[in-house]
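Engineer: Sequential numbering of the sequence shown, starting at 1, is according to the working numbering.
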Amino acid sequence: MAVQRMDNVGIVVDDLDAAVAFFAELGMELEGTARIEGLWADRTVGLDGILSDIAMLRTPDGSGRLELAKYHTPAAGRPEPAAPPPNTLGLHRVMFAVDDIDDTLARLRTHGAELLGEVARYENAYRLCYLRGPAGIVLALAEQLG
């Protein structure tokens, strides 16, 4: 049997409200929120005593979703270093196609986004950049040209 679809990407954050606001500013739509706890959650994740709040957001076209999670117990650990570089092993980044990269960056900066390098041009096809968002995650933005 083959994979049916990629359902969502999960990101653990320390401030759920701020992360939801950040991704809403990017243009994602909040589907809903839930409190997660109980034996089924412990068994699924492999941790004991889980108590977390989650928010599910989707892209405007409905093709992609992010699940943001704030763990109350057990407390989330912090990676070392706190803001790992983009070439760290593991989840690399999440990329979003945007219609105006400059406008998107300006709006996200009001939510704490920091550009990692600069906005660069790839041939005559794209303008691209990496930025650091909530909980230190790395996002990439891509604006198609022409």
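Backbone N, C-alpha and C fix where the C-beta goes; we use that ideal spot for every residue, glycine too.
#1: Does the Cβ-Cβ distance between residue 97 and residue 41 come in under 8 Å?
#2: Between which residues of its own chain and residue 49 is the CB-CB distance below 8 Å, once the five residues before and five after are set aside?
#3: Evaluate residue 6 with the Cβ neighbour count: other Cβ atoms within 10 Å of its Cβ, from every protein chain shown; 16 or more gives buried, anything less gives exposed.
#4: Compute the Euclidean distance between the alpha carbons of residue 19 and residue 13, then round it to the nearest angstrom.
#5: Quick check: what's the CA-CA separation for residue 146 versus residue 125?
#6: Determine, using beta carbons only, whether residue 128 and residue 120 come nearer to each other than 8 Å.
#7: Taking Cβ positions, are residue 32 and residue 60 nearer each other than 8 Å?
#8: Roughly how many angstroms lie between the CA atoms of residue 23 and residue 39, to the nearest whole one?
#9: If you follow the alpha helix (DSSP H) that residue 25 is part of, which residue opens it and which one closes it?
#10: List, from N- to C-terminal side, the beta strand (DSSP E) runs of 3 residues or more that fit wholly inside the segment 62-144.
#11: Pick from 10, 144, 136: whose alpha carbon is nearest that of residue 78?
#12: In whole angstroms, give me the CA-to-CA distance for residue 4 and residue 62.
#13: With a 10 Å radius around its C-beta and 16 neighbouring C-beta atoms as the bar for buried, classify residue 66 as buried or exposed.
#14: Just reading off the beta strand (DSSP E) that residue 55 is part of, what are its end residues?
Structural biologist: Concretely, from the data shown:
#1: For the purposes of this step, residue 97 is taken as the residue at position 97 of the sequence shown. For the purposes of this step, residue 41 is taken as the residue at position 41 of the sequence shown. In this structure, residue 97 lies away from residue 41, with their beta-carbon atoms at least 8 Å apart.
#2: Sequence index remark: in the sequence shown, residue 49 carries index 49 (1-based). Exclusion of the five residues before and after residue 49 leaves 42, 73, 74 as the residues of its chain whose Cβ lies within less than 8 Å of its Cβ.
#3: For the purposes of this step, residue 6 is taken as residue 6 along the sequence shown, with counting starting at 1. The residue is exposed, with fewer than 16 neighbouring Cβ atoms inside 10 Å.
#4: Indexing the sequence shown from 1 puts residue 19 at position 19. Indexing the sequence shown from 1 puts residue 13 at position 13. Roughly 7 Å between the two C-alpha positions.
#5: For the purposes of this step, residue 146 is taken as the residue at position 146 of the sequence shown. For the purposes of this step, residue 125 is taken as the residue at position 125 of the sequence shown. Looking at the backbone, the Cα of residue 146 and that of residue 125 are separated by about 7 Å.
#6: Numbered from its first residue, the sequence shown carries residue 128 at position 128. Numbered from its first residue, the sequence shown carries residue 120 at position 120. Closer than 8 Å, so yes.
#7: Position 32 of the sequence shown, counted from the first residue, corresponds to residue 32. Position 60 of the sequence shown, counted from the first residue, corresponds to residue 60. No, Cβ-Cβ distance for residue 32 and residue 60 is not below 8 Å.
#8: Taking the first residue of the sequence shown as position 1, residue 23 is located at position 23. Taking the first residue of the sequence shown as position 1, residue 39 is located at position 39. The alpha-carbon atoms of residue 23 and residue 39 are separated by roughly 30 Å.
#9: Here residue 25 refers to the residue found at position 25 when the sequence shown is read from its first residue. From DSSP, the alpha helix (DSSP H) with residue 25 extends over 16-26.
#10: The segment 62-144 contains these whole beta strand (DSSP E) runs: 65-73, 94-97, 120-122, 126-132, 138-144.
#11: The count along the sequence shown starts at 1 and reaches residue 78 at position 78. Selected option, being the one with the closest Cα: 136.
#12: Position 4 of the sequence shown, counted from the first residue, corresponds to residue 4. Position 62 of the sequence shown, counted from the first residue, corresponds to residue 62. A straight line joining the alpha-carbon of residue 4 with that of residue 62 spans about 15 Å.
#13: Residue numbering aside, residue 66 sits at position 66 when the sequence shown is read from its first letter. By the 16-neighbour rule on beta-carbons within 10 angstroms, residue 66 is buried.
#14: Counting from 1 along the sequence shown, the entry for residue 55 is found at position 55. Judged by DSSP secondary structure, residue 55 falls within the beta strand (DSSP E) whose first and last residues are 51-58.
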